[in-house]
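Peer 1:
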Amino acid sequence: MSKTSAGHVYIPLSDLRGNTVVDIYGIVRFLKKPYKTRGSDYCLVISLFDQSMSDPDQKLKCLLFAKDMSRLPLAEVGDIIRFHRLSIVNYAGELQGQMKPGTSWVIFSPSIGGSPDAIKASSINYTITDEDKSRVKNLREWAASRNFHDKKCSLKEICPGLYFDLVCQVVSTCVIEDGVCLLLRVWDGTVPNYPVRVIDTEKEGCRVHSLPGLHRRAVGYLYDVCIFDDHFEAGSQIKPGQHVKLYNLHAAEYRNLESRSELSALPVVELTLHQGTSFGRRIAILDEQSEDAHKLRRHLADISPEVSSDTPGKLSSTGSPNMVSRDNRTADAGLANDAQPQGNQVHVSSAVDINQPSTSGITAKRLRTNDSKVCNVKNVNDSKNIDTRNDSHSDNSDSSNANDEQVSKKKQSDISEELFSDSRESRRNSDELQPVKESIVNGSKTEGSAQSLDDTRCMRQTATVILNHPNTKRTKIERILQHMVPYKFRVLARVVDYHPKPKSVQNFLQLYCPDCHFLCPLSCHKLPDSESTFERSLETGRGLDLPVGSTFGGIQHYNCPECVENSSQNSDSLKTPPILQYIYMLRFLIDDGTDWLLANLWKNDAVTFFRDISPTDLLQSKNLFQEVEEMLAQVCPAEGEKPWIECCIMSYRTAQGTQYQIFDTAIV
DNA sequence: GATTAGGGTTGG
């Protein structure tokens, strides 16, 4: 029954602050069933979200204690819950909701058109105003309109490190280790961008169960999934031919083989359903009438029509319009029990050759794809040290093409000053950036037949080329900024500015410790913030204020002062401290007319970029330093129109937020 | 009255 407003002000969950007591509404995203603590209470852990949370991973965790379980809000995922007088505290860097004496709660069902009344409440006396009803209605409709928990991904979309849900058909099964590891050989009718580890099922003791007819249909699309531990039992129930959904499958980067012998080689992924059930990890056998099963069946029938089991599949004919490059080095070879069609044409198209070694019974495959989605990366932690914000700012004189770009000097100067501040918000909100964007858009419009950045048919001369990834479509920066992280993209853009300018080798190169990631400019004479560790290490310094390790090739090398200090503290002084590496470390402001981003370029990626001229080359040859200088001027001339560049960009997260890094790109 | 516990991937 509606009552008058009780005067509560409900705070959006993203506006909450620590050490406050608030009234809130939220939708239950997660709930750990209540359990008896070792203290006197029951504990319920619950996570809430609402419309104010744009990031799908955002939530308010609530830790709720009560002497009596019935006093806890025993909701279900999806339910709407209202708290009055919930305490918000900081815990481990996050906000946490806690019940205190006086806290009350009310639970509503999530069903649209359902009763506006509560289904549970902490007290018999509660008030639901018209405003509350309207709020519940809005939340119900909002939640129904968005599929929050869907992490569904097809195989063509996977990238190393991704956790995703896979809807697929099981073609074969094989127990690898009883009770521990089960192999499911599956297909979803798509082909990954990455080579996928293949499990050897030819070895003794492997009994593969398969449907030969289905297997023939799926050849070229088959991928191996390993199901471990907790999920072995559920996996064992699966019969070949069944449609399943694997929740929280991990496209783990497979590291035990040297698949990246070249900079441009792609990482191999292995598809693994790890032990445990966190993040909803599980296997579900799909109801054949379910929407997921219907959709999958339709797609599989499109790409590889069902045929009677003794008729070779249509896919054996090459040149089919739907033909995908096939590679039956893959699962086929391993399926001793399956009759293999002979003569299915196998080839790897212009895709990347990953130089796969076949070791430990493992091969990897790489198939063609037309998909624009590329990949993400996992091991880019090194990059956390890319931060040139302490460096001197770029010089306005480098932006003297202001007139050409219809940008005033002042505006260019603002950009330069902000170039190494990562404050995207401040820049995005800056009206002064607009003319720059506009000028670039105009620039592209005046470029002969180039009507659009997406017009890949246009023969556009770029100042850089990318190495590899021929089948990857370009992504606009606007989209990159909105995309999940980490990920990799191919971009066509212009370099608006970069830093540092190669005024001297000293200001251009950095010293980097591969062990502890200590980093300092070559020109530095003091460590930042007068670190005492460094001050003490100066005693042995010569030339630069860093301890000299050795001199070879006519180049001074320095031991890492951080590691020297740490080893002396840990009485580990017998260990030779690592030698600092000379590295490039640059940052580019690139803009493609849709938006801009700051892209880091360093270490091997930078050597590739500068056509294999290494940092130490610059120390030894003035000509090579000049060559690098000229290359940069080519990519971002101080005067005149900036050329287009094409580059690979990977995004990754650091404590400072999302960063971007250039890789597999070289100046022409 | 304080305490309890503080969600949670990455081996294969």
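Its first residue numbered 1140, the first sequence is counted upward by one per residue in our numbering.
Glycine is no exception: its CB is placed at the ideal position from the N, C-alpha and C atoms.
Using alpha carbons as the reference points, say which of Gly1157, Tyr1333, Ser1273 and Val1309 lies closest to cysteine 1298.
Peer 2: One-based indexing of the first sequence puts residue 1298 at position 159. Looking at the Cα atoms, Tyr1333 is the closest of the given residues.
Peer 1: Apart from the five residues on each side of it in sequence, which residues of its chain come closer than 6 angstroms, Cβ to Cβ, to cysteine 1320?
Peer 2: Position 181 of the first sequence, counted from the start, is the residue given in the question as residue 1320. Answer for cysteine 1320: Cys1365 and Phe1367, listed in chain order.
Peer 1: Within its chain, find whatever has a CB closer than 8 angstroms to the CB of leucine 1170; leave out the 5 residues flanking it on each side and keep chain order.
Peer 2: Counting from 1 along the first sequence, the entry for residue 1170 is found at position 31. The residues are Leu1183, Val1184, Ile1185, Ser1186, Ala1214, Glu1215 and Val1216.
Peer 1: Once DSSP output is grouped into helix, strand and coil, what is the label at alanine 1472?
Peer 2: Locating residue 1472 in the first sequence gives position 333, counting from the first residue. Note that alanine 1472 scores 29 on pLDDT, short of 50, meaning its location in the model is unreliable; the coordinates nonetheless yield the value given after this. DSSP places alanine 1472 in helix when its eight states are reduced to three.
Peer 1: The beta strand (DSSP E) that contains serine 1186, what's its start and end?
Peer 2: Here residue 1186 refers to the residue found at position 47 when the first sequence is read from its first residue. Here the beta strand (DSSP E) through serine 1186 covers 1181-1188.
Peer 1: Ends of the alpha helix (DSSP H) at methionine 1770?
Peer 2: Counting from 1 along the first sequence, the entry for residue 1770 is found at position 631. From DSSP, the alpha helix (DSSP H) with methionine 1770 extends over 1761-1774.
Peer 1: Among the residues of its own chain, which have a CB less than 8 angstroms from the CB of aspartate 1289, if the five just before and after it don't count?
Peer 2: For the purposes of this step, residue 1289 is taken as residue 150 along the first sequence, with counting starting at 1. Around aspartate 1289: Asp1304.
Peer 1: How is the beta strand (DSSP E) around phenylalanine 1303 delimited, first residue to last?
Peer 2: For the purposes of this step, residue 1303 is taken as the residue at position 164 of the first sequence. Annotation for phenylalanine 1303: the continuous beta strand (DSSP E) segment containing it runs 1302-1316.
Peer 1: By the DSSP assignment, the alpha helix (DSSP H) with aspartate 1327 in it spans what residues?
Peer 2: Counted from its first residue, the first sequence places residue 1327 at position 188. Note, aspartate 1327: premise wrong, no alpha helix (DSSP H); not H, not E.
Peer 1: With burial defined as no fewer than 16 other Cβ atoms inside 10 Å of the residue's Cβ, what is the status of leucine 1649: buried or exposed?
Peer 2: Reading the first sequence from its first residue, position 510 is the one you call residue 1649. Here the sequence assigns glutamine to residue 1649, which means leucine is not the residue at that position. That one is buried.
Peer 1: When DSSP labels each residue in this structure, what does proline 1444 get in the three-state scheme?
Peer 2: Within the first sequence, numbered from 1, the residue matching residue 1444 stands at position 305. Here proline 1444 sits in coil by DSSP.
Peer 1: Are the Cβ atoms of glutamine 1308 and tryptophan 1326 separated by less than 9 angstroms?
Peer 2: Working through the first sequence from its first residue, we reach residue 1308 at position 169. Working through the first sequence from its first residue, we reach residue 1326 at position 187. Between glutamine 1308 and tryptophan 1326, the gap from beta carbon to beta carbon is short of 9 angstroms.
Peer 1: With H, G and I counted as helix, E and B as strand and the rest as coil, what does DSSP make of serine 1243?
Peer 2: Mapped onto the first sequence, residue 1243 falls at position 104. Looking at serine 1243 - three-state DSSP - the assignment turns out to be strand.
Peer 1: Give the range of the alpha helix (DSSP H) segment to which valine 1351 is assigned.
Peer 2: In the first sequence, residue 1351 corresponds to position 212, counting from 1. For clarity, residue 1351 is proline in the given sequence; the question names valine instead. Where proline 1351 is concerned, the enclosing alpha helix (DSSP H) stretches over 1351-1357.
Peer 1: Name the DSSP beta bridge partners of aspartate 1730, please?
Peer 2: As a position in the first sequence, residue 1730 is number 591, starting the count at 1. Partner(s): Arg1633 and Trp1735.
Peer 1: Quick check on threonine 1159: does DSSP put it in helix, strand or coil?
Peer 2: Translated into positions along the first sequence, residue 1159 becomes position 20. Note: threonine 1159 maps to strand in three-state DSSP.
Peer 1: What's the C-alpha gap between lysine 1295 and aspartate 1431?
Peer 2: Within the first sequence, the letter at position 156 stands for residue 1295. Within the first sequence, the letter at position 292 stands for residue 1431. Whole-angstrom Cα-Cα distance: 17 angstroms.
Peer 1: Three or more C-beta pairs closer than 8 angstroms, one from the segment 1774-1782 and one from the segment 1600-1619: is that the case here?
Peer 2: yes
Peer 1: Are the CB atoms of valine 1310 and glycine 1359 nearer to each other than 9 angstroms?
Peer 2: The residue given as residue 1310 occupies position 171 in the first sequence. The residue given as residue 1359 occupies position 220 in the first sequence. Not closer than 9 angstroms, so no.
Peer 1: Determine the direct distance from the alpha carbon of serine 1209 to that of arginine 1156, and round the result to whole angstroms.
Peer 2: On the first sequence, position 17 is the one that residue 1156 refers to. On the first sequence, position 70 is the one that residue 1209 refers to. Taking the straight line from one Cα to the other gives about 28 angstroms.
Peer 1: Output the boundary residues of the alpha helix (DSSP H) element that contains glycine 1236.
Peer 2: For this step, residue 1236 is matched to residue 97 along the first sequence. Residue range 1233-1237 is occupied by the beta strand (DSSP E) that includes glycine 1236, with no alpha helix (DSSP H) assigned at that position.
Peer 1: Compare the C-alpha of asparagine 1646 against each of Glu1768, Asn1610, Leu1323 and Ser1191 and name the closest.
Peer 2: For the purposes of this step, residue 1646 is taken as the residue at position 507 of the first sequence. Nearest of Glu1768, Asn1610, Leu1323 and Ser1191 to asparagine 1646, Cα basis: Glu1768.
Peer 1: Can you tell me which residues form a DSSP beta bridge with isoleucine 1251?
Peer 2: To locate residue 1251, count along the first sequence from 1; it is residue 112. BP columns for isoleucine 1251 are empty, so no partner.
Peer 1: For the beta strand (DSSP E) containing alanine 1282, list its first residue and its last residue.
Peer 2: In the first sequence, residue 1282 corresponds to position 143, counting from 1. Element bounds for alanine 1282: not the beta strand (DSSP E) but the alpha helix (DSSP H), 1269-1284.
Peer 1: Take isoleucine 1806 and list the residues in its own chain whose beta-carbon comes closer than 7 angstroms to its own, dropping the five residues that flank it on each side.
Peer 2: Stepping through the first sequence from its first residue, residue 1806 is reached at position 667. Cβ neighbours of isoleucine 1806 beyond the five flanking positions: Ala1602, Thr1603, Phe1748, Phe1749, Arg1750, Met1770, Gln1773 and Val1774.
Peer 1: Taking buried to mean at least 16 other C-beta atoms within 10 Å of its own C-beta, is isoleucine 1694 buried or exposed?
Peer 2: Numbered from its first residue, the first sequence carries residue 1694 at position 555. Exposed, by the Cβ-count rule.
Peer 1: Tell me which same chain residues have a C-beta within less than 6 angstroms of the C-beta of lysine 1239, skipping the five on either side of it?
Peer 2: As a working mapping, residue 1239 is identified with position 100 in the first sequence. Once the five neighbours on either side are set aside, the close Cβ partners of lysine 1239 are Ser1226.
Peer 1: Does DSSP put glutamate 1825 in a helix, a strand or coil?
Peer 2: Absent from the structure is residue 1825, since the part of the chain shown begins at 1140 and ends at 1807.
Peer 1: Give me the Cα-Cα distance between isoleucine 1616 and lysine 1206, rounded to the nearest whole angstrom.
Peer 2: Sequence index remark: in the first sequence, residue 1616 carries index 477 (1-based). Sequence index remark: in the first sequence, residue 1206 carries index 67 (1-based). The straight-line gap from Cα to Cα measures roughly 53 angstroms.
Peer 1: Between alanine 1373 and the rest of its own chain, which residues show a CB-CB distance below 6 angstroms, the 5 nearest in sequence each way excluded?
Peer 2: The count along the first sequence starts at 1 and reaches residue 1373 at position 234. So the list reads Ile1422, once near-sequence residues are dropped.
Peer 1: For alanine 1257, tell me which candidate among Leu1412, Ile1220 and Cys1655 has the shortest Cα-Cα distance.
Peer 2: Sequence index remark: in the first sequence, residue 1257 carries index 118 (1-based). Of the listed residues, the one whose Cα sits closest to alanine 1257 is Ile1220.
Peer 1: Can you tell me whether glutamine 1800 is buried or exposed, with buried defined as 16 or more other CB within 10 angstroms of its CB?
Peer 2: Position 661 of the first sequence, counted from the first residue, corresponds to residue 1800. It counts as buried.
Peer 1: My output table needs one value for isoleucine 1616: the three-state DSSP class, helix, strand or coil.
Peer 2: What you label residue 1616 is simply residue 477 of the first sequence in a count that begins at 1. DSSP places isoleucine 1616 in helix when its eight states are reduced to three.
Peer 1: Could you give the residue range of the beta strand (DSSP E) that holds valine 1746?
Peer 2: The count along the first sequence starts at 1 and reaches residue 1746 at position 607. That residue, valine 1746, is in no beta strand (DSSP E); its alpha helix (DSSP H) goes 1742-1748.
Peer 1: With a 10 Å radius around its C-beta and 16 neighbouring C-beta atoms as the bar for buried, classify glutamate 1392 as buried or exposed.
Peer 2: For the purposes of this step, residue 1392 is identified with residue 253 of the first sequence, where counting begins at 1. Its Cβ being crowded by 16 or more others within 10 Å, glutamate 1392 is buried.
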